[in-house]
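The block underneath contains the structure these notes are about, expressed in structure tokens.
2 protein chains.
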Amino acid sequence: MKDISQAELEVLKVLWQHSPATANQVVEALADASQWHEKTVKTLLNRLVTKGAVSFEKDGRAYLYSPVLQQSDYQLKESQSFIQRVFSGRIAPLVAGFAQHDKLAEQDIAELKQLIARWEQENKND
Amino acid sequence: MKDISQAELEVLKVLWQHSPATANQVVEALADASQWHEKTVKTLLNRLVTKGAVSFEKDGRAYLYSPVLQQSDYQLKESQSFIQRVFSGRIAPLVAGFAQHDKLAEQDIAELKQLIARWEQENKND
DNA sequence: GCTTATCGATTACAGATGTAATAGTTTGTG
DNA sequence: CACAAACTATTACATCTGTAATCGATAAGC
Numbered sequence: 055m056k057d058i059s060q061a062e063l064e065v066l067k068v069l070w071q072h073s074p075a076t077a078n079q080v081v082e083a084l085a086d087a088s089q090w091h092e093k094t095v096k097t098l099l100n101r102l103v104t105k106g107a108v109s110f111e112k113d114g115r116a117y118l119y120s121p122v123l124q125q126s127d128y129q130l131k132e133s134q135s136f137i138q139r140v141f142s143g144r145i146a147p148l149v150a151g152f153a154q155h156d157k158l159a160e161q162d163i164a165e166l167k168q169l170i171a172r173w174e175q176e177n178k179n180d
Numbered sequence: 055m056k057d058i059s060q061a062e063l064e065v066l067k068v069l070w071q072h073s074p075a076t077a078n079q080v081v082e083a084l085a086d087a088s089q090w091h092e093k094t095v096k097t098l099l100n101r102l103v104t105k106g107a108v109s110f111e112k113d114g115r116a117y118l119y120s121p122v123l124q125q126s127d128y129q130l131k132e133s134q135s136f137i138q139r140v141f142s143g144r145i146a147p148l149v150a151g152f153a154q155h156d157k158l159a160e161q162d163i164a165e166l167k168q169l170i171a172r173w174e175q176e177n178k179n180d
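From first to last, the protein sequence lines are chains A and B.
Residues in the first sequence are numbered consecutively from 55, following the numbering used here.
Residues in the second sequence are numbered consecutively from 55, following the numbering used here.
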């Protein structure tokens with residue numbers, strides 16, 4: 055699968071939230087968040103199809119688009135490559151950077167604690 | 055500052071590890087890790103200078119290059135934009151994804167716990 | 001049925017990127 | 001001092017990306 059560009063990702067996000075969707079539905083969903091012309095969105099949809107990240111089926115005149123690439127798969131793959139590229143594969147320094155610059159909220163901490171607890175629960179039999 | 059491309063980042067990493075450095079030192083540092091031609095590395099150095107991420111001072115025939123953009127600044131900025139783009143700004147889901155796919159090691163957990171402890175220490179006076 | 005509005009497909013085009021090659025300039029060497 | 005070696009600067013070029021416009025097919029209205 056070819057890389058998804060940033061603009062393409064915005065289109066994909068719409069489909070992750072609601073699919074299948076017609077091109078026009080995607081255009082409308084993006085209308086407030088972006089200033090993209092309808093033609094631009096359709097080009098992006100097309101490129102996503104070419105890249106294999108999105109599929110469609112014909113529904114009369116219009117197409118119904120659906121994501122092939124799942125959000126969780128995308129997130130995991132991008133996270134890994136990002137952390138590899140920017141932090142040499144270590145995740146803690148990323149979180150540390152956020153902590154140091156006051157980008158962590160109470161909620162984030164709570165979630166992380168829960169996560170860690172669960173991890174330790176599952177890995178207690180080491 | 056214009057965006058740093060992935061290839062440019064590799065060059066920048068070398069300078070973060072050791073600077074100032076001549077172009078040839080950078081080329082050599084990259085020789086094993088990559089298959090880049092010397093000319094390619096020099097182009098990348100040049101682009102980094104144009105982008106303002108790297109500076110140089112003349113040392114006779116050769117230049118001595120140094121990073122202007124600091125690694126921690128780069129990491130923080132990229133992390134924020136990545137997490138915004140891919141996880142709508144929430145960091146815990148990223149870590150959760152890693153946990154779910156067994157990408158977290160004992161050491162990561164230990165570091166995260168320490169981080170959290172420190173955060174709570176500093177934010178105890180809420 | 002013919003025309004027009006609407007879709008997707010194709011084409012456009014400038015800037016960024018990956019990956020070098022060539023040109024121009026400075027310097028060390030004979 | 002002239003020439004060659006070594007640097008950097010400039011140029012090259014294909015692909016990707018952002019951002020559309022135009023083309024061609026088709027369906028819907030009159």
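All C-beta atoms, glycine included, are put in the ideal place defined by N, C-alpha and C.
- Not flagged as an interface residue toward chain B: Gln175 (chain A), since no C-beta distance is shorter than 8 Å.
- One finds nothing in chain A with a Cβ atom closer than 9 Å to the Cβ of Ala75 (chain B); even the nearest lies about 19 Å away.
- Residue contact with chain B for Gln129 (chain A): present (Cβ-Cβ distance below 8 Å to some residue of chain B).
- A:Gly106 is the residue among A:Ile137, A:Gly106, A:Ala153 and A:Asp113 whose C-alpha sits nearest the C-alpha of Pro121 (chain A).
- For Leu148 (chain A), the closest Cβ of chain B is nearer than 8 Å.
- Excluding residues up to 5 positions away in sequence, nothing lies with its Cβ nearer than 7 Å to the Cβ of Ala87 (chain A) in the same chain.
- Using a Cβ-Cβ cut-off of 7 Å, Ala153 (chain B) is close to Leu169 and Trp173 of chain A, given in chain order.
- Taking 8 Å as the CB threshold, Glu62 (chain A) stays off the interface with chain B.
- Taken atom to atom, the span from the alpha-carbon of Glu62 (chain B) to that of Leu102 (chain B) is near 7 Å.
- Annotation: Asn100 (chain A) to Gln125 (chain A) spans about 19 Å, alpha carbon to alpha carbon.
- In this structure, Ile170 (chain B) and Leu166 (chain A) form a Cβ contact; the two beta carbons are roughly 6 Å apart against a cut-off of 8 Å.
- Secondary structure of Pro147 (chain B) (DSSP, three-state): helix.
- When rounded, the separation of the alpha-carbon atoms in Trp70 (chain A) and Asp57 (chain B) is 27 Å.
- Where Ser109 (chain A) is concerned, the enclosing beta strand (DSSP E) starts and stops at Val108 to Asp113.
- At a cut-off of 8 Å between beta carbons, Lys56 (chain B) makes no contact with chain A.
- Within the stretch 79 to 103 of chain A, no residue places its CB atom closer than 7 Å to a CB of chain B.
- It is roughly 14 Å from the alpha-carbon of Gly151 (chain A) to the alpha-carbon of Ala146 (chain B).
- For Gln129 (chain B) and Glu64 (chain A), the gap between their C-alpha atoms comes out near 23 Å.
- Relative to Val108 (chain B), the option among B:Glu174, B:Lys178 and B:Met55 whose CA is nearest is B:Met55.
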